[in-house]
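Below: the structure, in structure tokens.
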Amino acid sequence: MSYRSSSLVVCLLLAALLASCGQSGSSSSPRITPVPSGQASSPSPDLKANGEDGMHTITYLGKQYEVPVAPRKILFMSAFESMEDAVVLGIEPYASSAIGDEDEPFPGFYGAVMQNTIPLMGTTEESFEYLLQLNPDLIIGTDMETPAVHEQLSKIAPTIPVSHFGPDWQANLELLAELTGKQEEARGVIARYEQDRDKARQLVKGLDADTEVLAIRVRGEQMMVYPESVFLNDVLYEQLGFKIPELVKQTKQQEVLSLEGLSVANPDYIILQYDVYENGGSERALEELQKSKVWQGLDAVRSDRLFINAVDPLISGGGTANGKILITQAVLDKFQ
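Numbering (mature numbering (1 follows the signal peptide of the UniProt record, and there is no 0)), first residue to last: -21 to -1, 1 to 315.
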């Protein structure tokens, strides 16, 4: 089972279990670019100095939330973007939805930050009662969950549904930094990204204005394309200024792309993301793709402008600071 597929099971099981409880009336790796200090920590002493263990109001994406002043037990529920932000900022989650198996509940590229994190595996442990026993101070969720699930989670602890929308990456990072007293680290991450982004923009400006770059993700042995603000696309088009291919403009959600459709689009560059965990534990689909005469006839393939896993396929795309940094670095490396 893939990392993300197992997490989907977690979400579905949680939704079912929480719903049933509500009805019963019961109340060192290249994949992460950490801050220089880069070590997991509890909320900073500066944050603790601001008050006792009380509550205060914060504002995130125009909405207000009552949260603990200094949360020590933050539970991440399918909030993949925030999990990556936590690693970048050096914050160790108290508990988190696993995105692997029992032997490796979290990807190795998370490093040591989650070595003591309690994994939520999508088994009977994922029950309402178990989450109550964990007694988190705060739950970081995802806006992809239903309001009913958020309502049930909010009965356990204050819950913030974090956006999975790429352009909200900075608000997401600053949210987690504010919650844990890591504002200075967040500012450093943002500043480093902006430096690289400005260099990459100049590089893109030096290319032909009609140059088209298409990012493709292979999942379930099928090619997938995404809207212009999802996956790697927000960085490529909005942040760095590549021309948006017509194919991407017409894509409204994750959609299957056939070889014939790719041949019609025929982009100048292809960034292909392929992870064996998302493809039955095998590279067979990639090998078959590369053997195809249609594939071999693409301009990008014939001109050696195909980049496979230029960015690690398990990062959360351009929806995180880490993802934006790595995508930008890949452009600087591959398009020189």
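Cβ atoms here follow ideal geometry from the backbone N, Cα and C, with glycine treated the same way.
Pick from the options: whose alpha carbon is nearest that of residue i?
i	options	result
valine 273	Lys231, Ser242, Gly167 and Phe210	Ser242
isoleucine 287	Asp278, Thr307 and Leu251	Leu251
glutamate 60	Gln94, Gly79 and Trp148	Trp148
glycine 87	Leu182, Lys178 and Val66	Val66
valine 255	Pro47, Glu200 and Glu234	Glu200
proline 146	Gln94, Pro206 and Pro137	Pro206
aspartate 247	Leu132, Asn212, Thr138 and Asp283	Asp283
alanine 244	Pro224, Gln233 and Lys231	Pro224
aspartate 116	Ile195, Pro50, Gln43 and Gln162	Pro50
aspartate 186	Asp291, Lys222, Gln269 and Asn95	It is worth fixing the name first, because residue 186 is leucine in this sequence and not aspartate. Residue Lys222 is the option with its Cα nearest to leucine 186.
methionine 34	Asp291, Thr230 and Pro137	Pro137
glutamate 291	Gln233, Lys270, Asp80 and Tyr253	Correcting the residue type first, residue 291 is aspartate in the shown sequence and not glutamate. Measuring from the Cα of aspartate 291, the nearest candidate turns out to be Tyr253.
Can you find the residues in the same chain that come closer than 7 Å, C-beta to C-beta, to residue i, ignoring five residues on each side of it along the sequence?
i	result
glutamate 153	Ala165
alanine 28	With a pLDDT of only 39 at alanine 28, under the threshold of 50, the placement of this residue in the model should not be trusted; the figure read from the coordinates follows. There are no such residues.
serine 7	Here serine 7 scores only 33 on pLDDT, less than 50, and its place in the model should not be relied on; the value that follows carries that caveat. Excluding positions up to five away in sequence, the list reads Gly90.
lysine 231	Pro206
threonine 12	Confidence is the limiting factor: at threonine 12 the pLDDT is only 42, short of 50, which leaves the residue's position unreliable, though a coordinate-based value still follows. Hits under 7 Å: Val67, Asn301, Ile304 and Leu305.
Is it true that the CB of residue j sits closer than 9 Å to the CB of residue i?
i	j	result
arginine 289	alanine 309	Note that residue 289 is alanine in the sequence shown, not arginine. Closer than 9 Å, so yes.
asparagine 257	valine 197	The residue you asked about is not asparagine; residue 257 is glutamate in the sequence shown. Yes; because the gap between Cβ atoms is below 9 Å, this pair is in contact.
isoleucine 135	phenylalanine 107	yes
valine 209	glycine 296	yes
residue 323	leucine 238	One cannot answer for residue 323 here, as it falls past the ends of the chain, which runs -21 to 315.
threonine 159	leucine 68	yes
leucine 219	arginine 176	yes
valine 168	isoleucine 304	yes
isoleucine 118	serine 133	yes
isoleucine 195	isoleucine 249	yes
Cutting at 8 Å between CB atoms, please list the residues of its own chain near residue i, excluding the five before and the five after it.
i	result
arginine 281	Gln275
leucine 113	Lys52, Leu54, Tyr73, Ala74 and Ile97
isoleucine 37	Gln43, Tyr44, Val46, Leu154, Glu157 and Leu158
lysine 184	Gly220
Assuming residue i and residue j form a contact by the criterion Cβ under 8 Å, report the distance between their Cβ atoms to the nearest whole angstrom.
i	j	result
proline 140	glutamate 124	7 Å
threonine 299	glutamate 63	4 Å
alanine 179	leucine 311	5 Å
phenylalanine 314	leucine 182	6 Å
Spatial neighbours of residue i within its chain, please: CB distance less than 6 Å, with the 5 preceding and 5 following residues excluded, ordered by chain position.
i	result
valine 235	Gln201
methionine 93	Phe85
Next on the checklist: Using a Cβ distance threshold of 8 Å, determine whether the segment 256 to 271 contacts the segment 56 to 67, with at least three qualifying pairs required.
Outcome noted: Two segments are said to touch when three or more pairs of C-beta atoms, one from each, lie closer than 8 Å; by this definition the segment 256 to 271 does not touch the segment 56 to 67.
Checklist entry - Is it a yes or a no for the segment 115 to 132 touching the segment 177 to 193, going by three-plus beta-carbon pairs under 8 Å? => result no
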